[in-house]
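**Student:** What follows is a structure written as structure tokens; I'll ask about it next.
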Amino acid sequence: MKQKKLMLLGGIRYLLPVIEAAHKLGVYVITADYLPDNIAHKYSDEYVNVSIIDREAVLKVAQEKQIDGILSFGVDPGVVTAAYVADKMGLPSPPLASVEILQNKDKFRDFLEANGFNCPKRYQPTDEIEYPVIVKPVDSAGSKGCSRVNAPSELAAAIEYARSESHSGRIIIEQFLTNAYSSSDTDSFSIDNELVFCSFNCQHFDATAPNPYTPAAYSWPSDMPIAAQEELRREIQRLIKLLNLGTSIYNIETRVATDGKPYIMELSPRGGGNRLSEVLKLATGQDLIENSVRGALSLPMMPMSNPSYNGSWAEFIVHSNKTGAFSALEIDKDFAAQHLVQNDLWVKPNDRVSAFTGANQTIGTIVLKFDSHKQAEEVLARSSEWHRVVVDG
Numbered sequence: 363m364k365q366k367k368l369m370l371l372g373g374i375r376y377l378l379p380v381i382e383a384a385h386k387l388g389v390y391v392i393t394a395d396y397l398p399d400n401i402a403h404k405y406s407d408e409y410v411n412v413s414i415i416d417r418e419a420v421l422k423v424a425q426e427k428q429i430d431g432i433l434s435f436g437v438d439p440g441v442v443t444a445a446y447v448a449d450k451m452g453l454p455s456p457p458l459a460s461v462e463i464l465q466n467k468d469k470f471r472d473f474l475e476a477n478g479f480n481c482p483k484r485y486q487p488t489d490e491i492e493y494p495v496i497v498k499p500v501d502s503a504g505s506k507g508c509s510r511v512n513a514p515s516e517l518a519a520a521i522e523y524a525r526s527e528s529h530s531g532r533i534i535i536e537q538f539l540t541n542a543y544s545s546s547d548t549d550s551f552s553i554d555n556e557l558v559f560c561s562f563n564c565q566h567f568d569a570t571a572p573n574p575y576t577p578a579a580y581s582w583p584s585d586m587p588i589a590a591q592e593e594l595r596r597e598i599q600r601l602i603k604l605l606n607l608g609t610s611i612y613n614i615e616t617r618v619a620t621d622g623k624p625y626i627m628e629l630s631p632r633g634g635g636n637r638l639s640e641v642l643k644l645a646t647g648q649d650l651i652e653n654s655v656r657g658a659l660s661l662p663m664m665p666m667s668n669p670s671y672n673g674s675w676a677e678f679i680v681h682s683n684k685t686g687a688f689s690a691l692e693i694d695k696d697f698a699a700q701h702l703v704q705n706d707l708w709v710k711p712n713d714r715v716s717a718f719t720g721a722n723q724t725i726g727t728i729v730l731k732f733d734s735h736k737q738a739e740e741v742l743a744r745s746s747e748w749h750r751v752v753v754d755g
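Numbering of the sequence shown is given in my numbering, commencing with residue 363 and proceeding in unit increments.
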């Protein structure tokens, strides 16, 4: 039998478990981007140098390599390209037209409004705006370019910042929704248009970070009421069927606002960054990453069901709030003995690190386990008591 070939767009660290899962299935892995020194290329079977946002160039290489599947796992800029290549080559993927809606905040908000989903109010810069609002690029991920605007005097700078982080130069201004509970940003999975695994979590933020809207930690399970989670699950299921998304992993951001309404803020047909699916495997025993590989290659899927959590889990995003030379990550030994499951540090002494303005400034992750949700929340709220990132300069 011919060995199947999987192309992964990008070369980031979050692709390593995808490569591992593919190799476990006997799959030949090709990684593709324009940065040959990216870490994933050291673990794939082959690397091709091509810009992942140049979909015609990626298609040409994919056809030459005769690939059997393509994924842009955890790599937001490549999601539309992956769908385009799959469409042209007849490979498994959510439909290109649906992916283009999901990957553009303007188009997605239009779709939500047209189909009766809850949606934040949107503004043009010349409108009479009710503050506060959020200003963000229509086509970026990882909280890059996002900022809260509380007064008219702050709007111009926020628009300029958002445009600087947008591939298209386009931005969106929308109502700032105050959370009634913690917002959720985690991964889920559908098979043949059925939402078989739907998870919710709690996002946590570092108020002292240069960008306080970049998630600094996550915890499972969610603190949203079960009724709200069930309503969101129904709405996500409805969205999946309306867009005919088929079999796919999703990174989904949701929230329940103080108006009592649940909102689907973003739904992207890719695995999320920040190792979300890896933590979900630890917490629930279900492997979204291997099923992503299986789905991309039309291999038999492993059965999945809604998650049941083995305790309370958290992932802390290691970051620095200033730019300089990394010196050390210090973790309290007693705390580590009780709660530390994994410490995945990505930098070494004297490496230059940047202040935390987006997910791309992450310098590592820490996975933790607790006896209760309350304990997890308390620990994450006082992270400076059990860890310290030492940066010189």
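From the three backbone atoms N, C-alpha and C, an ideal C-beta is built for every residue, glycine too.
Return yes when the Cβ of residue 466 is within less than 9 Å of the Cβ of residue 474, no when it is not.
**Tutor:** As a working mapping, residue 474 is identified with position 112 in the sequence shown. As a working mapping, residue 466 is identified with position 104 in the sequence shown. Contact: no.
**Student:** Rounded to whole angstroms, how far is the Cβ of residue 673 from the Cβ of residue 732, which I believe are closer than 8 Å?
**Tutor:** On the sequence shown, position 311 is the one that residue 673 refers to. On the sequence shown, position 370 is the one that residue 732 refers to. With 8 Å as the limit, residue 673 and residue 732 qualify as a contact, their Cβ atoms being about 7 Å apart.
**Student:** Counting only the same chain and skipping the five closest in sequence on each side, list residues whose C-beta sits under 7 Å from that of residue 413.
**Tutor:** In the sequence shown, residue 413 corresponds to position 51, counting from 1. So the qualifying residues of the chain are 396, 419.
**Student:** Mark residue 753 as exposed unless 16 or more other C-beta atoms lie within 10 angstroms of its C-beta, in which case mark it buried.
**Tutor:** What you label residue 753 is simply residue 391 of the sequence shown in a count that begins at 1. Residue 753 comes out buried.
**Student:** I'd like to know whether the C-beta atoms of residue 698 and residue 711 end up nearer to each other than 9 Å.
**Tutor:** Within the sequence shown, numbered from 1, the residue matching residue 698 stands at position 336. Within the sequence shown, numbered from 1, the residue matching residue 711 stands at position 349. Their beta carbons are not under 9 Å apart, which means residue 698 does not touch residue 711 by this criterion.
**Student:** Using the Cβ count rule (16 or more neighbours within 10 Å means buried), how would you classify residue 635?
**Tutor:** Reading the sequence shown from its first residue, position 273 is the one you call residue 635. It is buried - the Cβ of residue 635 has at least 16 other Cβ atoms within 10 Å.
**Student:** Using only CA atoms, which one of 570, 491, 651, 724 lies nearest to residue 709?
**Tutor:** Mapped onto the sequence shown, residue 709 falls at position 347. The residue with the shortest Cα to Cα distance from residue 709 is 724.
**Student:** Could you pull the start and end residues of the beta strand (DSSP E) that residue 533 belongs to?
**Tutor:** Translated into the one-based positions of the sequence shown, residue 533 becomes position 171. Start and end: 533-537.
**Student:** Compute the distance between the beta-carbons of residue 629 and residue 613, then report whether it is under 9 Å.
**Tutor:** The residue you call residue 629 lines up with position 267 of the sequence shown. The residue you call residue 613 lines up with position 251 of the sequence shown. Yes, the pair counts as a contact, with Cβ atoms nearer than the cut-off.
**Student:** Between residue 393 and residue 383, is the Cβ-Cβ spacing less than 9 Å?
**Tutor:** Here residue 393 refers to the residue found at position 31 of the sequence shown. Here residue 383 refers to the residue found at position 21 of the sequence shown. No, Cβ-Cβ distance for residue 393 and residue 383 is not below 9 Å.
**Student:** What first and last residue would you give for the alpha helix (DSSP H) that runs through residue 653?
**Tutor:** To locate residue 653, count along the sequence shown from 1; it is residue 291. That run of the alpha helix (DSSP H) goes 650-658.
**Student:** Residue 514 and residue 507: beta carbons closer than 9 Å?
**Tutor:** Translated into positions along the sequence shown, residue 514 becomes position 152. Translated into positions along the sequence shown, residue 507 becomes position 145. It is not a contact, given that the beta carbons lie outside the stated cut-off.
**Student:** Rounded to a whole number of angstroms, what is the C-alpha to C-alpha distance between residue 444 and residue 458?
**Tutor:** Translated into the one-based positions of the sequence shown, residue 444 becomes position 82. Translated into the one-based positions of the sequence shown, residue 458 becomes position 96. Roughly 9 Å separates the two Cα atoms.
**Student:** Does residue 681 pass the burial test, meaning 16 or more other C-beta atoms within 10 Å, or should it be called exposed?
**Tutor:** Translated into the one-based positions of the sequence shown, residue 681 becomes position 319. By the 10 Å Cβ count, residue 681 comes out buried.
**Student:** For residue 677, list the residues DSSP reports as bridge partners.
**Tutor:** For the purposes of this step, residue 677 is identified with residue 315 of the sequence shown, where counting begins at 1. Partner(s): 580, 729.
**Student:** Quick check on the DSSP output: the beta strand (DSSP E) that includes residue 752 runs from which residue to which?
**Tutor:** Counting from one through the sequence shown, the residue named residue 752 turns up at place 390. From DSSP, the beta strand (DSSP E) with residue 752 extends over 749-754.
**Student:** Just to confirm my understanding: we take residue 429, look at its own chain, exclude 5 residues before and 5 after, and list those with CB closer than 6 Å. What are they?
**Tutor:** Residue mapping note: residue 429 aligns to position 67 of the sequence shown, counting from 1. The residues are 367, 369.
**Student:** If you draw a straight line from the alpha carbon of residue 608 to that of residue 561, how long is it in whole angstroms?
**Tutor:** For the purposes of this step, residue 608 is taken as the residue at position 246 of the sequence shown. For the purposes of this step, residue 561 is taken as the residue at position 199 of the sequence shown. If you take the alpha carbons of residue 608 and residue 561, they lie about 18 Å apart.
**Student:** How big is the Cα-Cα spacing for residue 583 and residue 670?
**Tutor:** Start at 1 with the first residue of the sequence shown, and residue 583 comes out as number 221. Start at 1 with the first residue of the sequence shown, and residue 670 comes out as number 308. Taking the straight line joining both Cα atoms gives about 9 Å.
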